Amino acid sequence: MTAAPKITSAFDAEAARRDFAILAKPVYGKPLAYLDSGASAQKPAIVLETMKVFAETDYANVHRGVHYLSGAATDRYEAARRTVQKFLGAAREDEIIFTKGATEAINLVAYSYLMPVIQPGDEIVLSVMEHHSNIVPWHFLRERQGAVLRWVDVCDDGSLDIEALDAAITARTKLVAITHMSNVLGTVTPLAEIVKRAHAKGVPVLADGVQGAVHEIVDVQALDIDFYTITGHKLYGPTGIGALYAKRKHLKAMRPFNGGGEMIREVARDRITYADPPARFEAGTPPIIESVGLAAALDYLSGFDRAAVKAHEHDLLTYAREGVRELNWVRVIGDAQTKGAILSFEAEGMHAHDLATILDREGVAVRAGHHCAQVLMVRFGVTSTSRASFALYNNRADVDALLSGLHKAREILAKD
Amino acid sequence: MDNSLRELYQEVILDHSRHPRHYGALESATHKAEGYNPLCGDRVTVYLKLDAGNRVADIRFEGKGCAISQASASLMTDLLLGKTAAEADQLMTGFLHVVKGEPPSDLPEDARNHMEVMAGLSAFPMRVKCATLAWYTYKNAVEEGSQ
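Those protein sequence lines, which keep their order, are chains R and L.
Start counting the first sequence at 1; every next residue gets the next number (our numbering).
Start counting the second sequence at 417; every next residue gets the next number (our numbering).
Laid out in structure tokens, this is it:
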């Protein structure tokens, strides 16, 4: 008798669901269909357990004490940095800066990299589908230093207009700041091509990888990208931690962001020198337990066949897309060819918040609103949309619950 | 079907949101304010014409947003028209009690009956701010919106 062939490429979503205790908890007596992972993902048991055990066995402040626990905690913190390095494909561990999230990571680049060099009239190129976290820090430079924001449109299907982006990069461009995957449209941008075109004109590129890193396999070296940001809580990890990847050459030239403990080399009454990266950018006590949780989350995610996870999520997206296609009163916003597992839509005669309230009572958690993407809302002539976002633990039953909830909402709200 | 949903989105509410009363700009407004909830994008502009005795001689609103925010604004214009500032304050206090499911304050019976359609909101604490937007905007118009 021969052993059954080992299936290595399949992804068992039902088994993965069991790693997330919260998914078994009913809401309003209904099974939970959690379709808001784009806002924040649920955490698997291994992440919560790892954080707990670390706190119970190896916790102390990092990089400070000479005692045993401080050493143990420092080892774990630095090991977490290497886990992020590996996850993003970075060449060196000191190219990973821990931040409290992607927002802080982008602000760090704005403040430490761009602010010291940008002159009035210099340009920052960004797309209309950026999240506010990849808009507002650049607005600061517009308001305070006279930088010019050059907006690149998306096509009607939500795909990036790469030629428009290329044309927007001029001799005055100092940075291209672009999402890897839109949190509203789901559009995955052609980062390698964007970097190629920007670099051809000597312009560095920052990618907001908050959604992209969850659904795509990222290799910052292959992309040759300058800056890439992630946040832990959307990667099945804890809140309060994220990371900035930046090329070593940029980090070495960047001034500090926050000032405080741990980021200095020497402080005197009348002079100061700073630590090398990454410490230079990690003032104060960092999110230590969270770093260990983030590493556990990345290990958890990397433990799956990522391509199979992506195929699973894409199957859910397609299933949902086909489901709403039959509803002529639902309009999907964002139908790009390269689209990750996010479905935004408007339903005729229903405001997104009313719809979300009704779906909620059916156990279906969706996001409703402008999704921190007001520029994009204006582009598509809407004030808000409803958004279902899919994670590895979702299944077709979740999509069925969404579709049935849509019918109920129409029955309540859009009756004549 | 969840009864609390039926109560929240009852016919009167949907009717107010689809056919809002006193809708549009008011050229002769003496007071005006814009209310905006940046979290959900609900917008309400309240126009008031206050007479010499601070009575609401005319009221209009314009807005965009969810059914609750627009219905509440419409209902408010019905309630406030012809009222003095003191009466309006009393109505506002009463309304806030009704939507939060708190013990009702002293309210004229007809006003209370009018507001009763909003009582279903008390089961939806996340949505109370939608209903109160118009009222806070009214208050803001009176206090700071002199034209």
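A virtual CB, placed ideally from N, CA and C, is assigned to each residue, including glycine.
The model shown is predicted, which means the values in this text are computed figures rather than measured ones.
Cross-chain neighbours of residue i in chain R, by beta carbon under 8 angstroms
i	result
L455 (chain L)	G369
R543 (chain L)	H353 and T357
Proximity test, Cβ basis, 9 angstroms: residue i and chain L
i	result
S430 (chain R)	In the structure as shown, chain R begins at 1 and stops at 416. Residue 430 (chain R) is therefore absent and cannot be evaluated.
E435 (chain R)	With chain R covering only 1 through 416, there is no way to say anything about residue 435 (chain R).
L413 (chain R)	yes
Y34 (chain R)	no
Y28 (chain R)	yes
Secondary structure of residue i, DSSP reduced to three states
i	result
I241 (chain R)	coil
Y463 (chain L)	strand
I7 (chain R)	For I7 (chain R), the predicted model reports a pLDDT of 47, less than 50, meaning its position is unreliable and no value from the coordinates is stated.
T509 (chain L)	helix
R437 (chain L)	coil
H447 (chain L)	strand
V332 (chain R)	strand
K52 (chain R)	helix
I106 (chain R)	helix
G561 (chain L)	coil
A41 (chain R)	coil
S485 (chain L)	helix
For residue i, the residue or residues it bridges with in DSSP
i	result
L185 (chain R)	Paired residues: none, contrary to the question.
I178 (chain R)	R:A207
M350 (chain R)	R:A347
R471 (chain L)	L:T500
H126 (chain R)	This sequence places Leu at residue 126 (chain R); His is not what is there. Answer is R:W151 and R:A177.
G479 (chain L)	L:V460
L403 (chain R)	For L403 (chain R), which the question treats as bridged, DSSP gives no partner whatsoever.
K30 (chain R)	R:V27
Cross-chain neighbours of residue i in chain R, by beta carbon under 9 angstroms
i	result
G481 (chain L)	H351, H353, T383 and S384
I484 (chain L)	H351, H353, D354 and T357
Y439 (chain L)	Going along chain R, no residue has its Cβ under 9 angstroms from Y439 (chain L), so there is no contact; the nearest lies around 16 angstroms.
Interface flag, residue i vs chain R, CB-CB below 9 angstroms
i	result
L549 (chain L)	no
S521 (chain L)	no
S490 (chain L)	no
D431 (chain L)	no
L424 (chain L)	yes
D418 (chain L)	yes
Beta-carbon neighbours of residue i, restricted to chain L and to distances below 8 angstroms
i	result
R410 (chain R)	Near R410 (chain R) there are no residues of chain L at all, since even the closest Cβ is about 12 angstroms away, more than 8 angstroms.
T103 (chain R)	By Cβ distance, chain L contributes nothing, its closest Cβ being about 17 angstroms from T103 (chain R), past 8 angstroms.
For residue i, the nearest candidate out of the options (CA to CA)
i	options	result
M254 (chain R)	R:V109, R:S404 and R:T50	R:V109
G369 (chain R)	R:T383, R:R379, R:G186 and R:Q85	R:T383
A275 (chain R)	R:R269, R:R265 and R:E282	R:R265
G71 (chain R)	R:D58, R:V203 and R:T83	R:D58
H435 (chain L)	L:K555, L:S488 and L:K465	L:S488
T239 (chain R)	R:E348, R:V332, R:V128 and R:V47	R:V47
L160 (chain R)	R:V364, R:L185, R:A391 and R:L141	R:L185
R297 (chain R)	R:D19, R:D153, R:Y68 and R:F11	Checking the displayed sequence, the identity of residue 297 (chain R) turns out to be Ala instead of Arg. With distances taken between Cα atoms, A297 (chain R) lies closest to R:D19.
A502 (chain L)	L:E450, L:V558, L:I475 and L:N419	L:V558
M377 (chain R)	R:T338, R:H131 and R:K252	R:H131
P120 (chain R)	R:A105, R:R144, R:N107 and R:M129	R:R144
K43 (chain R)	R:E290, R:R379 and R:G381	R:E290
Q563 (chain L)	L:L464, L:Y452 and L:L424	L:L464
V195 (chain R)	R:A311, R:D166 and R:A171	R:D166
G233 (chain R)	R:A80, R:G38 and R:Y393	This sequence places His at residue 233 (chain R); Gly is not what is there. Comparing Cα-Cα distances from H233 (chain R) to each of R:A80, R:G38 and R:Y393, the minimum goes to R:G38.
Within chain R, partners of residue i - CB distance below 7 angstroms
i	result
F540 (chain L)	T357
L421 (chain L)	I358, R361 and I412
D505 (chain L)	Here the premise fails: no neighbours, minimum Cβ distance about 28 angstroms.
Neighbouring residues, chain L, relative to residue i (Cβ below 9 angstroms)
i	result
L376 (chain R)	The contacting residues do not exist; L376 (chain R) stays about 13 angstroms from chain L at best.
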